[in-house]
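Chemist: One structure coming up, written as structure tokens, with questions to follow.
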Amino acid sequence: MIYNAPIKDMLFLVNEWIGIDRLNALPGYEEVDTDLIEAVLEEAGKFASTELLAINREGDEHGARFEDGRVTTPPGFKEAYTQFIEGGWTGIDASPDHGGQGLPKLLQSLIDEILGATNVAFKLYTELSRGAYHCLAHAASEDVCEKYLPKMVEGVWSGTMCLTEPHCGTDLGLLKCKAVPADDGTYKLSGEKIFITSGDHDLTENILHLVIARVEGAPSGTHGISLFLVPKFLVDDDGSLGERNGVQTASIEHKMGIKASATCSLVFNDATGYLIGEENRGLAGMFKMMNLERITVGLQGLGLSDIALQNALDYAHDRRQSKAPAPRPDEGAAADPIVYQPEVKRQLLTIRCQVEGARALSVFAGLNIDIMEKSPDAAAVAAAQSTIALLTPVIKAHFSDLGMSATLSAQQIYGGHGYVREHGMEQLVRDARIAPIYEGTNEIQALDLVSRKVTGRMTDFTNQFLSDWLAFLDERADGDAGEIAAAARAALHRLIEATQWVQAKAQAGEDAAMRGCATHYLRLFALTIIGCLWAQIIDSIKDKSGEFYDVKRKLARFYVQQVLPETASLLDVVVNGADALAEFDVSDFAS
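Here our numbering is used: the first residue of the sequence shown is -6, the next is one more, and so on.
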């Protein structure tokens, strides 16, 4: 397979759309310039396209192995991981206080896309570590941070997130893992956790498990959940590794995709754990990691969409079949490259306009995360926090759905060659399939959006968010930007109508999500907001000329003509589709 990191497109979004000055205005980012961002992305692209892509297929074929109680990664993974930590990739957005580089989250999101495109399974060994780092940096005591975080940033220790149990997935209030206070201020944890990504492996010296459990006597439900740090190896006061802790790997899962990533069942048997934050308030700390992981999972879908597009386009230029419609590229040829066939062009452009629109949304989110964490302006921080809360379920669900649809469309372009292993497309499809499932299924993300993010305490913010976009679009009426803005405005009016319907149901005491509209509403939201972003992007280049900018205008026009019209049918289903669902009883399935 091939992969060329889309650095030119990324830099365009940062420099000509968002504006590097918006990053420079934040404390700590004053020296971050275009040259630095370009250099980091170039190195990320080089490492990903050479080292990670080279071991992706072998990793899939060999898989992670579990033998004699030990997990081993596929050939080449340890060597690639050594290069990864030597390159400083484990500390890009970590605090310099812990040995990190302190670079923007926006830049990290672009790197995440690149890494996810070339080797999702490898990336997962580092991805959870980054989430665990930020969770501890946010919620742990200074002593814990000093003891554990520098090694995580260095990459010689890794981290996990231990939530799911055999009987309990997203409904964490049902967990049974228990924690018993010990005399020395630690806790003894006992229980089983399943589906733990990177729960055990041979890449790092130690693995730090972030585990949620219930202290004896704690309230039932989510209000009685506490968060603990449970190292694989205990750490002595001098920072050296001590004895093995009471956590063992029971098995690893045999999965459809991401086979090189070890997904483990872990058993905790009186394992020593350290309380993070306060008792019974564990989810408050863990949500820092959970929300970061949800966005990062979305970026996996985006990366896989892009590498699928690049390879499908390369294949479509090479594969000759049938004669293209006039004017043909070569009138004397017996057959033309399939890229000239309108249906193939449509499939390729459908992927591309959505990939570039999704990337814009990820950059927009990355900027807001940086504002949320760095801005001295309290009002700006509050607005950014609400923006990220609103967009997190959208990015996770829509981007991971895009990963599935894009890889399937790219596979279709390959025809029969896409169904066999040699070209790599079937692995992309299998690797993409997990993203709509883990970190909360996409249906749960949709429920979160409808039941918590556009209603309740966030009602006013959501309405203002949509109103601000409407005001922007109302002011754009000329040239290419006007055409795109008009289509985006029509979609936005549909989204506003659907939002008002959802909010009216909530005010009447009826949860609209229970009417089966949530998934359709989330897609309506995502397609519309990306349409608004396309309008803003085209407006930002209205005075620019040249092939690069002309292609952006064509892509935006394709998006609003071929993708955005779906919002009309989505609105209809949201508002009018509930009765058919409600009248169908569970007993009817047997008929």
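All C-beta atoms, glycine included, are put in the ideal place defined by N, C-alpha and C. Bear in mind the structure is a predicted one, so any value in this text is a computation, not a measurement.
Closest to S254 by CA distance: which of D177, I187, L103 and N112 is it?
Modeler: When each option's Cα is compared against that of S254, the closest is N112.
Chemist: Secondary structure at M154, three-state DSSP: helix, strand or coil?
Modeler: In the structure shown, M154 sits in a strand (DSSP, three-state: E or B).
Chemist: Closest by CA to D595, which one among A511, Y141, I78 and I362?
Modeler: Only positions -6 to 584 of the chain appear in this structure, which leaves residue 595 out of reach.
Chemist: Which residues bound the beta strand (DSSP E) around R550?
Modeler: Careful: R550 lies outside any beta strand (DSSP E), inside the alpha helix (DSSP H) at E540 to F551.
Chemist: Looking at the unbroken beta strand (DSSP E) that takes in H202, where does it start and where does it end?
Modeler: Its beta strand (DSSP E) spans residues N199 to V208.
Chemist: Are at least three pairs of beta-carbons, each pair with one atom in the stretch 412 to 422 and one in the stretch 397 to 404, less than 8 Å apart?
Modeler: Yes: at least three Cβ pairs fall under 8 Å.
Chemist: Looking at the unbroken alpha helix (DSSP H) that takes in L466, where does it start and where does it end?
Modeler: From DSSP, the alpha helix (DSSP H) with L466 extends over T452 to D467.
Chemist: Between which residues of its own chain and C155 is the CB-CB distance below 6 Å, once the five residues before and five after are set aside?
Modeler: These residues qualify, in order along the chain: K186, I189, H202 and V204.
Chemist: Buried or exposed for E207, going by 16 or more other Cβ atoms inside 10 Å?
Modeler: The question names Glu, yet the displayed sequence has Arg at residue 207. The residue in question, R207, is buried, as its Cβ has 16 or more Cβ neighbours within 10 Å.
Chemist: Across the stretch 261 to 277 and the stretch 369 to 386, are there enough close Cβ pairs to call them in contact, namely three or more that are closer than 8 Å?
Modeler: At 8 Å Cβ cutoff, the stretches do not touch.
Chemist: Looking at T448 and L488, is the spacing between their C-beta atoms short of 8 Å?
Modeler: Contact: no.
Chemist: Leaving out five residues on either side along the sequence, give the residues of the same chain with a beta carbon under 8 Å from the beta carbon of E23.
Modeler: Closer than 8 Å at Cβ, skipping near neighbours: N17.
Chemist: Based on the DSSP secondary-structure assignment, which residues constitute the bridge partners of V228?
Modeler: In DSSP, V228 forms a bridge with L234.
Chemist: I need the boundaries of the beta strand (DSSP E) containing E366, first residue and last residue.
Modeler: Counting along the chain, E366 falls outside any beta strand (DSSP E), though it belongs to the alpha helix (DSSP H) covering P335 to K367.
Chemist: Could you tell me the boundaries of the alpha helix (DSSP H) in which S562 lies?
Modeler: Its alpha helix (DSSP H) spans residues E559 to N569.
Chemist: With a 10 Å radius around its C-beta and 16 neighbouring C-beta atoms as the bar for buried, classify V544 as buried or exposed.
Modeler: Classification of V544: exposed, given that the 10 Å Cβ count is below 16.
Chemist: Please work out which residues of its chain come closer than 6 Å, Cβ to Cβ, to L96, disregarding the five sequence neighbours upstream and downstream, and give them in chain order.
Modeler: I85 and D86, listed in sequence order.
Chemist: Count the C-beta pairs between the stretch 282 to 291 and the stretch 373 to 386 that are closer than 8 Å, then say yes if the count reaches three, no if not.
Modeler: In short, these stretches touch, since the Cβ pair count reaches three.
Chemist: Can you tell me the Cα-Cα spacing of A319 and A481, whole angstroms?
Modeler: Approximately 33 Å, taken between the alpha carbons.
Chemist: Out of H513, E106, L463 and A497, state which residue places its alpha-carbon closest to the alpha-carbon of V604.
Modeler: Because the chain is modelled from -6 through 584, residue 604 falls outside the range shown and cannot be assessed.
Chemist: Could you work out which residue in T265, D394, Q340 and E559 is closest to S183 when comparing CA atoms only?
Modeler: If we check each option's Cα against that of S183, T265 comes out closest.
Chemist: Give me the Cα-Cα distance between R174 and K252, rounded to the nearest whole angstrom.
Modeler: A quick correction: the sequence has Pro, not Arg, at residue 174. Rounded to whole angstroms, P174 to K252 spans 38 Å at the Cα level.
Chemist: Taking the alpha carbon of G294 as the point to measure from, which residue in V260, I430, V337 and A501 has its own alpha carbon closest?
Modeler: Minimum Cα distance to G294 is reached at I430.
Chemist: Which residues bound the alpha helix (DSSP H) around A376?
Modeler: Run containing A376: A371 to Y407, per the alpha helix (DSSP H) assignment.
Chemist: Is the Cβ-Cβ distance between W527 and G350 less than 8 Å?
Modeler: Yes, the Cβ-Cβ distance between W527 and G350 is below 8 Å.
Chemist: For the candidate residues Y74, D229, H131 and F5, whose alpha-carbon lies nearest to that of E44?
Modeler: The candidate whose alpha carbon is nearest that of E44 is Y74.
Chemist: Opposite Y267 in the DSSP bridges: which residues?
Modeler: Y267 pairs with L222.
Chemist: Using DSSP bridges, identify the partner residues of G296.
Modeler: Answer is none; G296 lacks a bridge partner.
Chemist: Mind checking who G62 pairs with in its DSSP beta bridge?
Modeler: Answer is none; G62 lacks a bridge partner.
Chemist: What does V173 pair with, by DSSP beta-bridge criteria?
Modeler: DSSP lists K181 as partners of V173.
Chemist: Within the same chain, show all residues whose beta-carbon is closer than 6 Å to that of A133, passing over the 5 residues directly before and after it, in chain order.
Modeler: Result list for A133: I269, in chain order.
Chemist: What did DSSP end up calling F577 once you bin it into helix, strand or coil?
Modeler: The answer is coil: DSSP assigns F577 none of H, G, I, E or B.
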